[in-house]
Amino acid sequence: MIQSPSTTPVWDPKSGPSAPIADDSTAATGTLAGGLSARWTARLVVGGLTALLMLVAAGSGESGPRRPTDDAEVVGRLPSERRDPRLLAAQRAKRDDDPRSAAALAREHLRLATSTGDARHLGLAAAALAPWSAAEAPPIELMLVRARLLQSRHDFVGARLELSRLLTRAPREPEGWMLRATVSAVTADFIAARESCRRLEGLTLPLLVTACISAVDGLTGHAAEATAELKRAVDANAEAPAEVRAWALVTLAELAQRRGQDREALDWFRQARRLAPHDGYAAVGEADAALDLGEARTAVDALAGRPEDDATLLRRALAARALGVDDGSAARLRERLAAQRLRGETLHAREAARFALSVDGDATAAAPLAVKNFEVQREPADVRLLLEVARELRDARLAEPALRWLAHSHCEDPKLTALARALGAAPVKGEP
Amino acid sequence: MKTWWLALALFLLSAQAVAHKSSDAYLRLEPRGQELVGRLDVALRDLALLAPLGDGADVVRWGDVRSASPALLRELASSLQLESTANTPCSAHPTLDGVVNHSDGPYAVFALRFDCGNASPLRLRYHLLAQQDPDHRAIVQLATARGAEHHVLGPAEPELMLAASGDGLFAQLWTSIGRGFQHILEGTDHLAFLLVLVLPLLVLRRATRGWSERAATLAGMLPVITSFTVAHSLTLGLATFGLVTLPSRLVECAIALSVVLAAVDNVRPMLRAERWVLAFGLGLVHGFGFSSALTDLGLPRLALFTALAGFNFGVELGQLLVLCALAPLLLWLAEQPRFGAPTLRYGSLFAAAFGAIWLAERAFDVNVLAR
Numbered sequence: 390m391i392q393s394p395s396t397t398p399v400w401d402p403k404s405g406p407s408a409p410i411a412d413d414s415t416a417a418t419g420t421l422a423g424g425l426s427a428r429w430t431a432r433l434v435v436g437g438l439t440a441l442l443m444l445v446a447a448g449s450g451e452s453g454p455r456r457p458t459d460d461a462e463v464v465g466r467l468p469s470e471r472r473d474p475r476l477l478a479a480q481r482a483k484r485d486d487d488p489r490s491a492a493a494l495a496r497e498h499l500r501l502a503t504s505t506g507d508a509r510h511l512g513l514a515a516a517a518l519a520p521w522s523a524a525e526a527p528p529i530e531l532m533l534v535r536a537r538l539l540q541s542r543h544d545f546v547g548a549r550l551e552l553s554r555l556l557t558r559a560p561r562e563p564e565g566w567m568l569r570a571t572v573s574a575v576t577a578d579f580i581a582a583r584e585s586c587r588r589l590e591g592l593t594l595p596l597l598v599t600a601c602i603s604a605v606d607g608l609t610g611h612a613a614e615a616t617a618e619l620k621r622a623v624d625a626n627a628e629a630p631a632e633v634r635a636w637a638l639v640t641l642a643e644l645a646q647r648r649g650q651d652r653e654a655l656d657w658f659r660q661a662r663r664l665a666p667h668d669g670y671a672a673v674g675e676a677d678a679a680l681d682l683g684e685a686r687t688a689v690d691a692l693a694g695r696p697e698d699d700a701t702l703l704r705r706a707l708a709a710r711a712l713g714v715d716d717g718s719a720a721r722l723r724e725r726l727a728a729q730r731l732r733g734e735t736l737h738a739r740e741a742a743r744f745a746l747s748v749d750g751d752a753t754a755a756a757p758l759a760v761k762n763f764e765v766q767r768e769p770a771d772v773r774l775l776l777e778v779a780r781e782l783r784d785a786r787l788a789e790p791a792l793r794w795l796a797h798s799h800c801e802d803p804k805l806t807a808l809a810r811a812l813g814a815a816p817v818k819g820e821p
Numbered sequence: 002m003k004t005w006w007l008a009l010a011l012f013l014l015s016a017q018a019v020a021h022k023s024s025d026a027y028l029r030l031e032p033r034g035q036e037l038v039g040r041l042d043v044a045l046r047d048l049a050l051l052a053p054l055g056d057g058a059d060v061v062r063w064g065d066v067r068s069a070s071p072a073l074l075r076e077l078a079s080s081l082q083l084e085s086t087a088n089t090p091c092s093a094h095p096t097l098d099g100v101v102n103h104s105d106g107p108y109a110v111f112a113l114r115f116d117c118g119n120a121s122p123l124r125l126r127y128h129l130l131a132q133q134d135p136d137h138r139a140i141v142q143l144a145t146a147r148g149a150e151h152h153v154l155g156p157a158e159p160e161l162m163l164a165a166s167g168d169g170l171f172a173q174l175w176t177s178i179g180r181g182f183q184h185i186l187e188g189t190d191h192l193a194f195l196l197v198l199v200l201p202l203l204v205l206r207r208a209t210r211g212w213s214e215r216a217a218t219l220a221g222m223l224p225v226i227t228s229f230t231v232a233h234s235l236t237l238g239l240a241t242f243g244l245v246t247l248p249s250r251l252v253e254c255a256i257a258l259s260v261v262l263a264a265v266d267n268v269r270p271m272l273r274a275e276r277w278v279l280a281f282g283l284g285l286v287h288g289f290g291f292s293s294a295l296t297d298l299g300l301p302r303l304a305l306f307t308a309l310a311g312f313n314f315g316v317e318l319g320q321l322l323v324l325c326a327l328a329p330l331l332l333w334l335a336e337q338p339r340f341g342a343p344t345l346r347y348g349s350l351f352a353a354a355f356g357a358i359w360l361a362e363r364a365f366d367v368n369v370l371a372r
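Which chain is which? The protein sequence lines are E and P, in order. In this text, residue positions in the first sequence follow my numbering: the first is 390, and each later residue adds one. In this text, residue positions in the second sequence follow my numbering: the first is 2, and each later residue adds one.
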């Protein structure tokens, strides 16, 4: 703390500023000659240069490709589903002049896209179908797979178009009607959805028909009746395949959510997941229901062993946040969403919006994503997302499309109507 | 048998987005005279669609990539093409350069060099994997003299027109000077640091009020400003050319800390060093801060020289301007019998408080001062 008298001017509280503290000329040129300060100068310079050199050494090894020196070094791992027996069989059976074999291969890729959560399979499916894109009257199988691919890519308008062409040619094609029901419901065309379900009657299992109709009824203000009906059908069709029963249970879970029964929804989702353990929809649904109930631990358990698709990662991140831990999911999803943004895709707008709103707590960033997402898909989850963003921003205008959906559907989901009320909209009553 | 399918279809159809990422390749290009150099990162699993990688097993070894590389390089040369103005293809020289990890796994890295003879490259065509995966995209980062351009290439848009080199040297320099000037005027923390450094020199002087005295005082600022300039130019250069890279949060925190240190030192001397030494040592930190404004632009290496020179000049210009504007005021204040000491003391404390707030904001990622 001792300052040599001839060095830097220092304000002395006692003598005040007008005291001659330093000789101007010395201060101006610095005092390399001053013993103490010269030593310090040297130390500072040497220290600074050493630090700089260390930084250079540390910085140089950072980015850029790594070039292994050993040929035996493992540089990566290819996905094991590449050796999936059904995929391999379809690949072997594929012939360039046979559209049915192309459709079969594409269907295998779609199956893998769901079971692994890997979007690359959508591209591979598209590649299999590509040679037949201009075919005049492609086989019905091919049109079905094409519609499913369009639906997976959230091109619901394209899927509807493909389906109407398909169903004109093959009006007794149950998968086509089922697809049409789903695509119509997602785009809030409840009349077409219910009609499609009705057309399934006599074409497929009665449980599927009931589940289809109940799902639409649940969205349009008849959740209680639909629940009773579907429960009866589930009990009456105990011999139906596990996957079909699981789907009926998932529908029951969603009906419970429409009635505001989160605990009941959690139970239905869980039962569905037991019946179809590889089904991601039931697991993600269960995780969402658990998160709504504030049981983050249950959400984590429901997702155990799931492949890391965006939907799963998002719920893991939300659960981790609720538990106050960091399992890295948020960082991984953030990185992935950034990579998807670079592609200029909006396929993941739902996940991106919910991530921004609920993980980052940034409603402003979530708003355009939620709006864009709602332009494409309008399921209760999308309605809720938009309403929540609007509530955070106290912007009822932003929520208008969602409020219109509520009024149009007469959906009685208490979470949605409460959000709408909070935004100052009149509660929705009455028959559709 | 149909119902089985149906059940499966239903799950798919619950409109759950599949995820992971679709197939992307990362293409970075940078013009260098008549050449275009760069690199292309392609996922190993995408390369496996083009050539057999490994012998049926899932594990890929470096040797597998190397032995597949002749086929892969042929494929690359035919699906990543560059044409010159005269529609003549430029010769491509791709080489396998190593591996790197992106968010969705391991990628092979190919170094690229296109030689277009005397013509300048004009049109880029990309159709790698277009047959195998129509969802494949190339995320292109193109270095231009104005900054990085981003493009997405895929089957729907396989072509990219490369703008002619455009701006002349003078225009580039002028833009860079503007950038540097703007950066320093917006950089309150840098200015605060500089002011804190020169404040004692301005305020603590003999009581005489002659013009020569005032001139000497102003001249006394020169070594300080010069050493700050030399120091931050040094680190700015190192950082801009990627010789040193530091996490930006660390740098930002260190800059805030430098304001606190220099300010506290004015009131309670503790750094036993000359003003100019302080300016140099702490100025090194500020250079790293400046560099982010420049490296974020993603300029080609050649344009970087011009940009660096211009930017630096702009920064000096800006800081001199601010000092020139403030010096008369400070001089006048210091000459008022009752104001000199409080100016130094409270000015420094004020700066220290701001520096501390900045430090807290940057260290803990919070927002105290509304922006």
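Backbone N, C-alpha and C fix where the C-beta goes; we use that ideal spot for every residue, glycine too.
Just to check my reading of the structure: residue i and residue j have Cβ atoms closer than 8 Å, yes? What is that Cβ distance to the nearest angstrom?
i        : j        : result
E:Ala495 : E:Ala514 : 4 Å
E:His510 : E:Leu518 : About 13 Å separates the two Cβ atoms, so there is no contact after all.
P:Thr307 : P:Leu174 : 6 Å
E:Arg730 : E:Asp771 : Actually they do not touch by this definition, with Cβ atoms about 19 Å apart.
E:Pro595 : E:Ala622 : 7 Å
E:Arg661 : E:Ala635 : The amino acid at residue 661 of chain E is misidentified as Arg; the sequence shows Ala. About 4 Å; that satisfies the 8 Å criterion.
Pull up the distance between the alpha-carbon of residue i and that of residue j, whole angstroms please.
i        : j        : result
P:Glu275 : P:His287 : 18 Å
P:Cys117 : P:His152 : 22 Å
P:Val61  : E:Ala693 : 28 Å
P:Val101 : P:Glu187 : 37 Å
P:Ala149 : P:Arg29  : 10 Å
P:Ala328 : P:Leu309 : 28 Å
P:Ala342 : P:Phe351 : 14 Å
E:Val546 : E:Ser573 : 9 Å
E:Ala387 : E:Pro696 : Given that chain E is displayed from residue 390 to residue 821, the structure contains no residue 387 of chain E and the question cannot be resolved.
What is the DSSP secondary structure of residue i, reduced to helix, strand or coil?
i        : result
P:Thr246 : coil
P:Leu37  : strand
P:Asp116 : strand
E:Leu467 : coil
P:Asn102 : strand
E:Gln480 : helix
P:Pro90  : strand
P:Ser85  : strand
P:Gln337 : coil
E:His797 : helix
E:Asp487 : coil
E:Ala519 : helix
E:Ile391 : Because E:Ile391 carries a pLDDT of 39, less than 50, the predicted location of this residue cannot be relied on, and no value is offered for it.
E:Leu444 : Residue placement at E:Leu444 cannot be trusted, given a pLDDT of 48 that sits under 50; the coordinates are not used to answer.
P:Gln142 : strand
I'd like to know whether the C-beta of residue i is nearer than 7 Å to at least one C-beta of chain E.
i        : result
P:Arg363 : no
P:Gln133 : yes
P:Arg46  : yes
P:Ile140 : yes
P:Pro329 : no
Does the beta carbon of residue i come closer than 7 Å to any beta carbon on chain P?
i        : result
E:Pro454 : yes
E:Ser469 : yes
E:Gly512 : yes
E:Val765 : no
E:Pro790 : no
E:Glu618 : no
E:Gly424 : Any answer about E:Gly424 is weak, because its pLDDT of 40 lies below 50 and its placement is not dependable; what the coordinates show is given next. Not an interface residue.
* Can you find at least 3 beta carbon pairs, one from the stretch 93–104 of chain P and one from the stretch 58–70 of chain P, that sit closer than 8 Å? -> yes
* Asked: Does the pairing of the stretch 42–55 of chain P with the stretch 523–538 of chain E give three or more beta-carbon distances under 8 Å?
  -> no
* To do: Specify whether the stretch 717–734 of chain E and the stretch 675–686 of chain E touch according to this definition: at least 3 beta carbon pairs, one from each stretch, less than 8 Å apart.
  => No, because fewer than three Cβ pairs between the stretch 717–734 of chain E and the stretch 675–686 of chain E fall closer than 8 Å, the two stretches do not touch.
* Asked: Okay, do the stretch 179–199 of chain P and the stretch 216–229 of chain P touch, 3+ Cβ pairs below 8 Å being the bar?
  -> yes
* Any chance the stretch 287–296 of chain P sits against the stretch 177–196 of chain P, with 3 or more Cβ pairs inside 8 Å? -> yes
* Asked: Taking contact to mean at least 3 C-beta pairs separated by less than 8 Å, is the stretch 560–574 of chain E in contact with the stretch 589–608 of chain E?
  -> yes
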